[in-house]
Structure formats: structure tokens, C-alpha cells
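The sequence shown runs -21 to -1, 1 to 753 under mature numbering (1 follows the signal peptide of the UniProt record, and there is no 0). Glycine included, every Cβ here is placed at the ideal spot set by N, Cα and C. Predicted, not measured: the structure shown is a model, and the values here were computed from it.
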Amino acid sequence: MAPTIWAVFLFAFAIVERAQSTLSRNISLGSYLFPTGNSTCWRSPSGHFAFGFYPQGRDFAVGIWLLDGSPNFTVVWTTYADDPLVRSDATLGLTEDGKLVLTGEGGQTRSFTDDQLIYSASMFDNGNFVLYGSNSEIIWQSFDYPTDTILSGQSLFLYSGKNWLSSSVSRTNHTIGRFRLTLSSNGLSLTPADDDSSSYWTIGSYHEGDISKLNLDDNGHMYLATGNNTILGNLTDGWPSSKETLVIYRATLDQDGIFRLYSHNIGKNNNHTGEVKWLPVDDKCSVNGICGINSYCMEGEEIDCTCLPGFNYTSSSERSAGCEMRWGDPGFGSVEEKRMTPTIVSLENTRFKTDYYSLLQNMEKEDCKEACLTDANCVAALSVSRNCYKLKFPLRYGQRGTDKSISSVLFVKLANRDSARGKHTSSISKTSIMILVIGAILTICSGITMAVFGYLISRRGLWAPVKSCEDKLGTTEDIVLQSFSYNELAVATNGFNQVLGRGSFGTVYKGALFNNEKTVAVKRLEKVVEEGEREFQMEMRAIGRTHHRNLVRLIGFCNEGFNRLLVYEYMSNGSLADFIFRAERHPPWSDRMRIVLEVARGILYLHEECEPHIIHCDIKPQNILIDEFWTAKISDFGLAKLLTPNQTRTFTGPRGTRGYLAPEWYQNKPISVKVDIYSFGIVLLEIVCCRRNIELEVEDDEIILTDWINKCYRAGELAKLFDGEEVEKKQFERIVMVGLWCIQSESAFRPSMKNVILMIEGIIDVQVPPFPAS
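In C-alpha cells, the structure reads:
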């Protein structure tokens, strides 16, 4: 009898525990949240979970978090994970007209549902935030759209909602990171986010093709199942529950690419403890992508990503982002190559999981080394178990052991820099001395100038703060924008009757302001409710933060009713497309090179010098305008992407213009400033040849400009490209080489815009570029 009573008791306890997890707090229409103050979140009845604003750096994000005991919390879900953060003036409201709306800077709004009306919402004790329709039916819930975590009672579904988890950038930055856990009908796999074919952990079942979800039960049992919950494979077996402690389980894909199951134990006195209960991978260096291309992971307590010889970190602040060639160092394929003898650097206990182009079997290590040394195509060779794998850059997923656990040797081919260094010691020394002398003189002069300027400021009160533009526009404090009424701009453009150009979102008109003393360009956006409104907000946010001589200046705006207009400085000489494509004669080479540098400097400003950094996303000749002094300026920021602090890449849907889009736009890979480098490369080659990238009325092998240029370059026939035009041949070749580097298919191989400028100016050497499709 006793066992029966005990079984009934356990069953009753389980029901009570499950009932507690399904308790919720009802949230009615007209409820609002704010990033600061007393109304920052909606808590679940127990207070263990909350939905609302949480701090991320100096700004705020919207999500759901688990309270681990004040003041600690663990974010388990984030909305708009890859969009810019919001500021302290944002609001999140369940409006009276049945919408859950996040309102950010400039009045920009984002809605959780499209057309369905919301009648109420609930924050459940299991961490699920739910929106209800008129008949109390669920029309949206956070459990259907996990970000990096699933919770007790939650499933990752194959055929509804999202079938993947994305890691965060870091514990404090919840934008989308570098790794992905994906559920398929054959099982689970962990991969780099930008390379779903390179899994570093998988689990399936004997019933491949039948899997439809990953479940995490309330007792920590995590398993693959069919649609009717038939278990097909266990990841964990679960743990017994306790009457003394409430246990909440969460399975998170962490920022280091490892999928971990955590338990959060909450005692009677609200004491919190936690531990890792399970993980499939315990060696962080075995995670593909933990270190970027051309670098390797060193085993140890902490991850240490080290560049291959001859490479520098792509980002000094993010060593895991990978490595790029040392631009300007004498190296393979550079101008110095002909004066050098190649050499080999050996890295013991090192391996890369990368594709090889040639396999030589039954070969000793020294023979493998020599085989790479004498092969012009070989940049590295991997010797493993008497097999010699010849490799090409980029090298991926490198790992180096501290002992003999990795029984392989990597041979990396380099140019012998010492042989070149002796020939240039004298000139380098003289140059260095001259730079030091000039630098010292300039420093002294600038110091005197600043002292005098400071004195004048203090005496005359010349310093005055620049007025800020309206806060609702979200622009920075040092740019003043004027607000115009719609009627003012209608009068200024004489009823919008002189069209300067048309785009996918609107039309640009010529106008005159201030008693016809200033000619302007007025951009009137259409489709205001959807794309036009987003372009208006993005262009205000992007260009409103910038000020550079090679960016078109935004003068003002109109935000009146459904009317959205932007007022720009007038560019009297049209676009770069007019300049290079429609002219009867090729513009002078010197003018074209000046424009190339002006465009490059404008992009450099966007990528590295303004805050936040901006990816333009639509660099093309039509978006490069020329003013009355023939200065080139970048325009049209409607598709731009702003990067959050410390963010170097982001996920977003394809945007831009076909023919100028980098390959990663089509490959579901994260994008970075390197997409602008690719577009610039296409534009650069178009400027070189004064023709479009694709032209049909030419010989078959000349239809695609980039292919034709590459063929001419490889064949030593660049003279075909300038066809009798007066150009400096060495400069012409250098510019072509820079263009071919910019359009490399592998984004990490494209140089930064700073290095592009240095190469164009001839300050650093340009190495021989690989085939763009390599």
C-alpha cells in the first residue's frame, strides 16, 4: 500500500510543478515598457522570468531573461538580435489598436506581428512570452522563435518556427555570433554560421528522415523525436526532481560554439546555484571556426588564436576573426618576388581541416616539404601519416597541439625576406631619417599653432557648441538638419517638375531654397508605409551621423503626415555613371584616378572613422555623384547597415544592385564591410576601362568585364584594356591588381579600404592576386 501512496504523491507533485510552470501574468492592451524607470519589464508570476528591456553596454535590447538572483540575470531570448540597439528614449507597447510595437530613435517602429490583431499577452513561468488573438488563441510565442537557447518544456521544431539556434557574439553582446546548431530530418549538427557544410559535431538516429523536433523536458531529458513524440535518440537521460529545489534547465549554444545544457537550481530561500550538466564537445579548439581563416587555435585553458607566418590579424580587437596577408611586406606574388628565394616555415603538431588540391601518398615529411617548395601553386602542405596534402589559401579550422596529440606537420611557404632586405637597407634608412626629421618639424609647428589658436579662443570666446538636430531623428549632436514643410519643398521644386533621377524607393527633383540662392536635390520617397519609411529612417540615421567631403551632405528633411522627403546638396555634374559611361571620349586618366581615391576615402570614413561604423551596401557608379568642383561624393544611404560597437559583421537579407553584390550576399553568410570592398572593386575596374561590368555588344570573351580583365592580366596583355590611351603603364597594372584583390570571392582575402588606398597610392606593394573565383 505504501508504494502506491508514494507513487500517487510523486504524480501529484509533478502535476503541481508542471502547473506552476504554466502560470502566467496577463498583460492587457495599453501597457507600455521603458528602458529606465520602474516599468522596464513584465515578469512571470514567480518572478523567475521577465520580458522587456535589458541593458547592453550603454544602450538597451529587448528580450527575455532568467533571474539568477539579484543583480544577475541570464538572457535566454532576444528580439531583433542583429538590429541596432535602442536608446533610453525607446518604448515597447501593447497598443490599444492591438499591436506590440517597439519604437526607437527617429520614431522608427518594429512590430512583432504583421496583420493579426493582439488582444492580450502573457509572460509564463516557463520563460515563454505569448500573444493572444480575439478567441484567446496563440498568434505568436517566443518559444517558436528561439535565438540561442531552448528552455524546459520548449522544442526546436523542424517544420514550424525556427529550426536552428545562433550563438551570441559574447556573454554581454547578444547580436548573432559565429556558430549555428541546426535541426534537420536526419539529426542535429553544429557548424560555423557561414559554412554549414563543415560540421564539428553531429547526432542522428537509426530512423533518419523521421526526426521533426528536439525536445527539452522539465527534468532535463533532451532528445530527438518524431511529430508524435516518439523518441528517436537521447542527448541526455534527465535527472530526478527534488522537493526542496526548483530546477530550470536551459540548453544554450554559447559564444564559443559549444552547445551546453545548464541547470539553474532555486532553493526555498531563493538561493540560486547553477552548473553545466552536459556538453557534446569539451575541446574548444575542435570547434570549426573558433579561430578565423589563416590562423590556428592553441590548446590550453583559454583559446589563443595565432596567425600563420606572413599574416596579420584582420581585427586587432577580435583575434578570432582571422588573419589576412601582411599588405606591403615582400611576399609571394609581390613585386619583390623575382628577387627572392622561397623558404619554408614548419609548424609541428599543427593541422588544418581544409580542402587540398593535390595528395601525394607514401611521402616522408622532408619530401613533402620539398614538393611544396618547388610547386608554384602550393602555399602550404600538410604532412600526416606519410600523406602529403598540398593546400591553397585560405586555410581553415587550424589547430595546434602542445604535445604529440596532433601528429602532423604544416609547412608554410614564405618569401625569404632577408634576401630582399639587404638590397634596400640604404634606401630604407635614408627614407626613415627623412620621415623622422619632417615629422619632428611638423609636430613643433602644429604645437605652436594649437597654442596660438587656444589663446585666441580663450580671449575672444570663439568656441560655441554646435546645435543638435531634433532628438526624434536620432542624429548626432554635431550635425544640424533643417526641418521643412511639404509645401515649402513643393514650392522649392516648382511642383516637383524637374526630375534629376529615379530609384526603387522614390524620385529626386531639382529645387532652390532661400530665395533661390541655394540649389538643392529633393528626394521624395514613395511606398512610405513599408520600404520607403524604412529607407527614410535608415538614411536619416546613417547620413545624419556623418560629415566628410566625399559624402553627399544632407541639409534637411520633411516628416509630415505620409510625406517623407530628404534635402541634399545639389551635385551639378551628375553621377560617375554619366562621367565614365556616356562620355564620347574617355575622361583623362588622372581625373579618373583622383575620383577613385575620393570614393575610397569616403568608404574608409564609413568603415573606420565614423561612429557607428557603416556598411553602405550599394556602392555603384549611379550612387557616386560629382559636384561643381568635380569632387566625387557617395550618396544614397537607404540600404546602409549600421554596426553596433565591437560588431564587425552582421546577418541581413540581400540588398544592393546585381552586378555589384559580393558572393556572401547569396550564400546566407554574415556580411561585413568587405561587401563594400567588393562593390568598390567592380566600380574601380569599370573606371579603369570606362565601361560597364556587363556589356552584350562586344566580343564573347569581353562580355563580363572582370573576367576579361583577369584574362588580360594573366596573359600579360593589359595593353588591350587601355587601347592606345595615354596611361602610366606601371600605375595601370597596379590599379588593375588592386581591383582584382577587391573582388576576391573569399571576403577575408579582400584588403581593408585603408590598404586599398595605400596600394593605389603606391605606398605599399601589391601582391599578385589569385584568380577571383579561387
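Asked, Found
"DSSP three-state assignment for M304, whether helix, strand or coil", "strand"
"Test item: CB-CB of Q461 and F541 under 9 Å", "no"
"N647 versus T610 - alpha carbon distance", "36 Å"
"Under the three-state DSSP convention, the category Y584 falls into", "helix"
"Limits of the unbroken beta strand (DSSP E) element including E712", "It is not in any beta strand (DSSP E) - E712 instead sits in the alpha helix (DSSP H) that spans 708 to 721."
"Residues of its chain near E539, where Cβ-Cβ distance is below 7 Å and the 5 sequence neighbours each way are ignored", "S464, Y465"
"From S146, G279, I6, residue whose alpha carbon lies closest to that of S115", "I6"
"Classification of N248 by the beta-carbon crowding that lies within 10 angstroms, buried from 16 upward", "exposed"
"Cross-strand partners of R159 (DSSP beta bridge)", "S145, T170"
"Other residues of its chain near T151: CB distance less than 8 Å, five sequence neighbours each side excluded", "Q35, G36"
"The ligand ADP heavy atom lying under 8 Å from the CB of F608", "Absence of the ligand ADP from the depicted structure is noted, as is the absence of any ligand whatsoever, leaving it without description."
"Assigned secondary structure, S220 (DSSP; H/G/I helix, E/B strand, else coil)", "coil"
"Cut-off 6 Å between Cβ atoms - residues of its own chain near S25, not counting five sequence neighbours on either side", "D104"
"Per-residue DSSP class, three states only, for F750", "coil"
"Unbroken beta strand (DSSP E) run spanning I272, endpoints", "First-last for I272: undefined, no H or E at that position."
"Endpoints, beta strand (DSSP E) assigned at D283", "283 to 286"
"With 16 other Cβ atoms within 10 Å as the buried cut-off, status of A579", "buried"
"Sequence ranges, beta strand (DSSP E) only - wholly within the segment 42 to 115, length at least 3", "51 to 57, 70 to 73, 79 to 82, 88 to 90, 99 to 103, 108 to 111"
"Chain E contact for I683 (CB, 9 Å cutoff)", "Among the chains of the structure shown, chain E does not appear; only one protein chain is present."
"Reference I683; option with closest CA among Y692, G695, R670", "R670"
"Contact the segment 650 to 668 vs the segment 569 to 577: 3+ CB pairs below 8 Å", "yes"
"Beta-carbon gap between R330 and L389 smaller than 9 Å", "yes"
"Other residues of its chain near M342: CB distance less than 8 Å, five sequence neighbours each side excluded", "A350, S362, R365, N366, C367"
"Option nearest V546 by Cα separation, candidates T74, L533, P730", "L533"
"As assigned by DSSP and simplified to three states, the class of F28", "strand"
"L96 beta carbon less than 9 Å from that of D76", "yes"
"Stretch pair the segment 170 to 182 + the segment 217 to 227: three plus CB contacts closer than 8 Å", "no"
"Residue closest to F701, alpha-carbon to alpha-carbon, out of T70, P566, R561, T92", "P566"
"Beta-bridge partners of A727, as assigned by DSSP", "Answer by DSSP bridge pairing: none, since A727 is not bridged."
"Residues near T53 by beta carbon distance below 7 Å, same chain, minus five either side", "W44, L45, D47"
"Exposed unless 16 or more other CB atoms sit within 10 angstroms - verdict on T15", "exposed"
"Within 9 Å, strictly: CB atoms of G188 and N208", "no"
"Contact under 9 Å by Cβ, G377 with Y275", "yes"
"Contact under 9 Å by Cβ, R379 with M519", "no"
"Residues near S549 by beta carbon distance below 6 Å, same chain, minus five either side", "According to the sequence provided, residue 549 is Tyr. The question's Ser does not apply to it. T498, V499, A500, listed in sequence order."
"C537 - partner residues in DSSP beta bridges", "L544"
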